[in-house]
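Novice: The structure is given below, and queries will be raised subsequently.
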Amino acid sequence: MKKRAFTLIEVITVIAILSIISSITCIGINNYYELNNKLNFEATVSDVRRLISYGKQYCRRYKVMGDIIIDKYGKSIKFRVSDINHGITKEIEMDKDIKITSKFNSNNIEVNEEGFIKTSGTINILYKDEYKKEIKIGVGNDIIGVKEGDLID
Numbered sequence: 005m006k007k008r009a010f011t012l013i014e015v016i017t018v019i020a021i022l023s024i025i026s027s028i029t030c031i032g033i034n035n036y037y038e039l040n041n042k043l044n045f046e047a048t049v050s051d052v053r054r055l056i057s058y059g060k061q062y063c064r065r066y067k068v069m070g071d072i073i074i075d076k077y078g079k080s081i082k083f084r085v086s087d088i089n090h091g092i093t094k095e096i097e098m099d100k101d102i103k104i105t106s107k108f109n110s111n112n113i114e115v116n117e118e119g120f121i122k123t124s125g126t127i128n129i130l131y132k133d134e135y136k137k138e139i140k141i142g143v144g145n146d147i148i149g150v151k152e153g154d155l156i157d
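With positions in the sequence shown counted from 1, the corresponding number in this note's numbering is that position plus 4.
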């Protein structure tokens, strides 16, 4: 007599093995997306800091005044020189889950001809209310520091 069907133990064993493999895969995928989001956030913070340094260097090199402008909706940051001979604009668009705000007197940060920012303040970058970084700009020797914010629960 030939065996024509699987026994109950064989079916349960196969289902258990498949569920273990699928749960390991799901855990790996979730970790991948979480790590990818964290790296995108860190890259955005680095881009903002690089834009500020670029603006200061450009103004110092060409002896022009520039502005670093943060969008009032928190979706972009822009470096702009309004001089006729140096009409340059460099902009960074934020991802949909990242918001940028500033704690300056206005959203317009002025850079003088020597490449110095005359007012101190903080730029906050938030990702989905999970991660927070603060870029603090000090006057004097123009320190740009990045501070890890508290994780928001």
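C-beta: ideal position from N, C-alpha, C; glycine also. Quantities reported herein were computed from a predicted structural model and do not represent experimental measurements.
1. Based on Cα-Cα distance, which residue from 79, 64, 29 lies nearest to residue 52?
2. So, residue 150 versus residue 137, is the Cβ gap smaller than 7 Å?
3. Going by C-alpha distance, which of 114, 140, 98 is nearest residue 85?
4. Mind checking whether residue 69 and residue 134 have CB atoms under 7 Å apart?
5. Going by DSSP in three states, residue 125 sits in which element: helix, strand or coil?
6. So, does the region 97-108 touch the region 53-60, judging by three or more C-beta pairs under 8 Å?
7. Tell me whether residue 63 is buried or exposed, calling it buried when 16 or more other Cβ atoms sit within 10 Å of its Cβ.
8. Buried or exposed: which applies to residue 130, given that a residue is buried once 16 or more other Cβ atoms fall within 10 Å of its Cβ?
9. Going straight from the alpha carbon of residue 15 to that of residue 25, what length do you get?
10. From the DSSP secondary-structure annotation, give me the bridge partner or partners of residue 83.
11. Does the distance from the CB of residue 96 to the CB of residue 81 come in under 7 Å?
12. Run through the DSSP bridge pairs and tell me what residue 104 is partnered with.
13. For residue 94, which option in 101, 60, 27, 35 has the closest C-alpha, if you only look at C-alpha atoms?
14. Let's test the definition: count the other Cβ atoms within 10 Å of the Cβ of residue 48 and tell me whether it reaches 16, buried, or not, exposed.
15. Considering only C-alpha positions, which residue in the set 36, 77, 121 is nearest to residue 101?
Specialist: Reading off the structure:
1. 79
2. yes
3. 114
4. no
5. strand
6. no
7. buried
8. buried
9. 16 Å
10. 72, 94
11. yes
12. 129
13. 60
14. buried
15. 77
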